[in-house]
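Have a look at the structure below, then the notes.
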Amino acid sequence: MKITKNNIKLAAIGLTTGIVNGLFGSGGGTIIVPALIFIIGLEEHKAHATAISIILPLTLVSTIIYFRRGILRLDIALPVILGGVIGGFVGAKILNRIPNNILRKIFGIFMIIAAIKLVMK
């Protein structure tokens, strides 16, 4: 891989996403999707699809560390994973059917709701 301005930006996005994902157990998508859209200039649908493929290895690394430290609740994680796999399949199938402007609004609304819930709790 060549060292280019774009690759440096991508590595910085990855570093930030990895730190947030590791610290908070999630949140990588809330950073990486807007970064891919606004910094890299990726189209909305491609940003969401690319973010999922990037977040998977980051999450696997964090999961291994959490498991080794004994802070992973498998009794909670496994049923959620089952539902998440089904939901991920459905979401991936319908992604291209949602117009960019609607997808951006839906994503923004989810981010706002999550932020409000975190601040108000």
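Quick note on numbering: the numbering used here labels position 33 of the sequence shown as 69, and the sequence is numbered without any gaps. Just so you know, even glycine gets a beta-carbon here, dropped at the ideal spot from N, CA and C.
Counted within 10 angstroms of its Cβ, other Cβ atoms place residue i as buried (16 or more) or exposed
i      : result
Ala71  : buried
Gly64  : buried
Asn137 : exposed
Glu79  : exposed
Gly98  : For the sequence presented, residue 98 should be read as Ser rather than Gly. Answer is buried; the Cβ neighbour count reaches 16.
Val69  : buried
Ile107 : exposed
Ile91  : buried
Ile73  : buried
Pairwise C-alpha distance: residue j and residue i
i      : j      : result
Thr53  : Leu131 : 22 Å
Ile101 : Asn43  : 27 Å
Ile117 : Lys157 : 25 Å
Lys153 : Arg104 : 30 Å
Met37  : Ala47  : 12 Å
Lys141 : Ile148 : 10 Å
Phe125 : Ile76  : 26 Å
Val155 : Pro135 : 30 Å
Thr95  : Asn57  : 7 Å
Pro115 : Ala128 : 20 Å
### Query
Which runs of the alpha helix (DSSP H), 4 residues or longer, sit entirely within the stretch 101-156?
110-130, 136-156
### Query
Three or more C-beta pairs closer than 8 Å, one from the stretch 100-117 and one from the stretch 85-92: is that the case here?
no
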